[in-house]
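Step one of this worksheet: look at the structure below.
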Amino acid sequence: MGTVHARSLDPLPMRGPELGVQPDDIEAPDIEHEPKQEVLENKNVVVQQVHIEGLGRTKEDLLTYEIAEVFRAKNLIDVMRKSHEARQKLLRLGIFRKVEVVIDTSRGAVYRWLPGCTFLNECTFIMTHSTGSSGEDALPNGLDVTFEVTELRRMTGSYNTMVGNNEGSMVLGVKLPNALGRAEKMTFQFSYGTKETSYGLSFFKPQPGNFERSIALNMYKVTGQFPWSSLRETDRGISGELSFPVWKTNQTLKWEGVWRELGCLARTASFAVREESGHSLKSSLSHSMVIDTRNSSILPKKGGLLKIHQELAGYTGGDASFLKEDFEIQLNKTLFWDSVLSASLWGGLLLPIGDKPTSIADRFYLGGPTSIRGFSMYSMGPQSEGDYLGGEGYWAGGLHLYTPLPFRPGRGGFGDLFRTHFFLNAGNLCNLNYGEGPQAHLKKLAECIRWSYGLGIVLRLGNIARLELNYCIPMGVQSGDRICDGVQFGAGIRFL
1 MGTVHARSLD PLPMRGPELG VQPDDIEAPD IEHEPKQEVL ENKNVVVQQV HIEGLGRTKE
61 DLLTYEIAEV FRAKNLIDVM RKSHEARQKL LRLGIFRKVE VVIDTSRGAV YRWLPGCTFL
121 NECTFIMTHS TGSSGEDALP NGLDVTFEVT ELRRMTGSYN TMVGNNEGSM VLGVKLPNAL
181 GRAEKMTFQF SYGTKETSYG LSFFKPQPGN FERSIALNMY KVTGQFPWSS LRETDRGISG
241 ELSFPVWKTN QTLKWEGVWR ELGCLARTAS FAVREESGHS LKSSLSHSMV IDTRNSSILP
301 KKGGLLKIHQ ELAGYTGGDA SFLKEDFEIQ LNKTLFWDSV LSASLWGGLL LPIGDKPTSI
361 ADRFYLGGPT SIRGFSMYSM GPQSEGDYLG GEGYWAGGLH LYTPLPFRPG RGGFGDLFRT
421 HFFLNAGNLC NLNYGEGPQA HLKKLAECIR WSYGLGIVLR LGNIARLELN YCIPMGVQSG
481 DRICDGVQFG AGIRFL
C-alpha cells in the first residue's frame, strides 16, 4: 500500500570501560512511526458516485451535464483536475455563490478542495475521515465526489444614482439569477431621470450542457441625447437572439423590431436634423461572428480579436431598408520590458436599399477619445450648420505602444493597473455614391485622412472599463471638424 518509514531498532554501540551497562539494562526506545505516504499521482481509481449538496430551487438535470466528465477520471490527480473543471462550470452558470469539492474514498480518506484554488499545484487538500461509500458495491479503489453548493438568493436588487448630460437619474434594478431552476436569468432595470424615463426587461436561458449556446429576449425603452447632432432619440423595441459556438467562433443571430422617435435637442438644430425628425419603424435581422483570443478585453497583452457584423433591415417589415456591414480587428504582442504593441482596424459600409436615403440614426460616427483621439466626440465628417450627420462609409486604424509606468511605482499592486501609452490614430468618414464602382469608393475613403498622435496614461478598472488621460496633437483636420487639441479624457469599454 505504500512505504513505511521508521527509525532503526539497533542499540547504539557501547565503547569505553566507563560504560559498564549491560544489554538487559537498556530500555527499548519508543518507535516513532512517520505518517504513511502513498504515491497518488498514478493510482488507478473509479469514481462511483457524485453528490450535489445544498440544492434548493435548482433542477438536478441541469447540473448532470456539468459534472459528467468527473466519472471519466482514471486516477486521483485526474479526479482532482476534472472536479476543478466541473467546479468552474458550476460557478460559470451564475447561480451559485460558493462551490466546494469533497473527494471521499470508501476507506474513509477525504480530500477537500479549498475555495480559491485556481490550479492543482497551487491548491491544498484537507484530509479528514468519513465512512465514504459503503455496502457491497464499494470498490477498494472507489471514490465519491461531493459538490457542496450555496445558491444565490432568489431575487437581488440594486439602487444607484447617475449624473450625466446635465441630467440626474435614479436607477433601480431587480435580478432573478435562477428564475426557473435551470440557470435562466431575468433582469429588470428602471431609470427615472429629471428629463427622461427608461426601462429594460431581459430574459436569458442557456442550453443545458452547453452554456455558450443560449437564447435571449429583450424588451426596452431607452432615450439617448446626442448633442453633436442636436438630436434626441427614443427607442421602444423588442428583440430576440440566439448565440452558439461554431469551431473557434461565437455566432449570434438576432431579430430586432424597434419604434424610433427622433426629435431636435435644441431650437438651433439644423434643417437637415429637423428633416430627419419624426417616427420610423425598423425591423432587422443581424448576424455577428467573433473570434477572441485576447487574455483581456480591456487592456490585453497578447492575442487577437476579429469581429464581423451584418444587419439587413426592411425585408421583415418597417420603413427602414438598408444593408449594414462593419468589422473590427485587433492584434496584441508583448515586447521587451513588459511593453505591449497593439494594432487595431475598424471599417464599415451602409448601403441603402431602394430610393429612400439612410437615416441619421443608422449611419456611422467617428471621432473622440475612444476612436480618433484629438477630435471631439463624433465630430468629424459630413455636417450641416454645426450638426454632424454621420457617414455611410468609414475606416479607422490605431497603433499603440503600452509600457509600465516610469520607475514602476506600486509594482505588484495598485501600480499595475496603470500603463503609459503612445498612440497614432488615423481614419476617415464620408458618404458614398453607390452608382460608382468600388475603386471610386476606396479613393474617396483615402482622401482627406484625419490623423493624430500623442501619449497618455491608461487606468484599467478591472475587466469592466478603462480610463484614459491623453495629450493629443490632431493632424489632417478638415473644414468643419471639431478638435480637442491638448489634454483629452476618455472612459469606455471599446477603444481604437
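Here the sequence shown stands for residues 1 to 496, numbered as in the UniProt record's numbering.
Here a beta-carbon is modelled for each residue, glycine too, at the ideal position from N, C-alpha and C.
Here the structure is a predicted model, which is why all the values come from computation and not from measurement.
Which residues in the same chain as residue i place their Cβ atom closer than 7 Å to its Cβ, once the five residues preceding and following it in sequence are excluded?
i, result
"PRO23", "Because the pLDDT at PRO23 is just 43, under 50, the model does not fix this residue reliably, and the value given afterwards should be weighed accordingly. Contacts found: none."
"SER239", "ASN218, LYS254, TRP255, GLU256"
"ARG482", "PHE375, SER376, SER379"
"GLY454", "ARG373, GLY374, PHE423, ASN470, TYR471, CYS472, ILE473"
"LEU405", "GLY415, PHE418, THR420"
Output needed for residue i: all residues of its chain with C-beta closer than 8 Å, excluding positions within five of it in sequence on either side, in chain order.
i, result
"THR118", "Because THR118 sits at a pLDDT of 43, beneath the cut-off of 50, its placement in the model cannot be relied upon, and the following sentence gives the value as read from the coordinates. So no residue of the chain qualifies."
"LYS82", "GLU69, VAL70, ARG72, ALA73"
"VAL46", "LEU139, ASN141, GLY142, LEU143"
"ARG92", "PHE211"
"ARG274", "CYS264"
"PRO357", "none"
"ASP485", "GLY374, CYS472, ILE473, PRO474"
When you compare only the Cα positions, how much space is there between residue i and residue j?
i, j, result
"ILE308", "GLY415", "35 Å"
"ARG408", "SER371", "28 Å"
"ARG87", "LEU172", "32 Å"
"MET475", "ASP355", "37 Å"
"ASP338", "ALA491", "24 Å"
"ASN210", "GLY56", "22 Å"
"GLU241", "GLN207", "13 Å"
"GLU184", "SER202", "11 Å"
"LYS89", "SER286", "30 Å"
"LEU62", "LEU180", "11 Å"
"ILE393", "PRO382", "Residue identity check: residue 393 is Gly in the sequence provided, not Ile. Distance between the alpha carbons of GLY393 and PRO382 is about 11 Å."
"PRO94", "ASN332", "The residue asked about is misnamed: residue 94 is Gly in this sequence, not Pro. Roughly 30 Å separates the two Cα atoms."
"ALA266", "VAL487", "28 Å"
"TRP395", "PHE336", "31 Å"
"VAL79", "LYS248", "27 Å"
"THR316", "PHE322", "12 Å"
"residue 497", "ARG97", "Summary: the structure shown does not reach residue 497, with the chain confined to residues 1 through 496, and so no result is reported for it."
"SER366", "SER229", "Reading the sequence as shown, one finds Leu at residue 366 and not Ser. LEU366 and SER229: Cα-Cα distance of roughly 12 Å."
"ARG450", "LEU461", "30 Å"
"GLY303", "ASN295", "7 Å"
"ALA313", "ASN463", "33 Å"
"SER311", "GLU325", "Going by the sequence as given, residue 311 is Glu instead of Ser. So the alpha carbons of these two residues sit roughly 7 Å apart."
"SER384", "ALA269", "9 Å"
"PRO369", "ILE493", "12 Å"
"SER297", "VAL290", "13 Å"
Report the three-state DSSP secondary structure of residue i (helix, strand or coil).
i, result
"ALA86", "helix"
"TYR378", "coil"
"ILE67", "helix"
"ARG363", "coil"
"ILE439", "Note that residue 439 corresponds to Gln in the displayed sequence, not to Ile. GLN439 falls in the helix class under three-state DSSP."
"GLU151", "strand"
"LYS444", "helix"
"PHE495", "coil"
"LEU55", "coil"
"GLU311", "strand"
"GLY224", "strand"
"ALA343", "strand"
"GLY173", "strand"
"SER288", "strand"
"GLU184", "coil"
"PHE407", "coil"
Residues in its own chain within less than 6 Å of residue i by CB, not counting five upstream and five downstream?
i, result
"LEU399", "ALA343, LEU424"
"LEU345", "ILE329, GLY397"
"THR156", "LYS175"
"GLN189", "GLY173, GLY200"
"ARG419", "TYR402, VAL458"
"HIS84", "none"
"SER283", "GLY257, THR316, GLY317, GLY318"
"GLY224", "GLU233"
Just confirm the distance between the C-beta atoms of residue i and residue j, as a whole number of angstroms; I'd bet it's less than 8 Å.
i, j, result
"ARG466", "LEU299", "6 Å"
"ARG213", "PRO245", "7 Å"
"CYS448", "GLN478", "5 Å"
"VAL102", "THR64", "Actually they are not in contact, since the Cβ atoms of VAL102 and THR64 sit about 19 Å apart, beyond 8 Å."
"ASN470", "GLY480", "Actually they do not touch by this definition, with Cβ atoms about 23 Å apart."
Measure from the C-beta of residue i to each C-beta in chain C and report whether the shortest distance is under 9 Å.
i, result
"GLN207", "In the structure shown, chain C cannot be found, because there is only a single protein chain."
Inter-stretch contact at 8 Å, needing at least 3 Cβ pairs: the stretch 234-252 / the stretch 345-355: no
The stretch 425-432 touching the stretch 359-377, judged by at least three CB pairs closer than 8 Å: Below 8 Å, enough C-beta pairs join the stretch 425-432 and the stretch 359-377 to call them touching: three or more.
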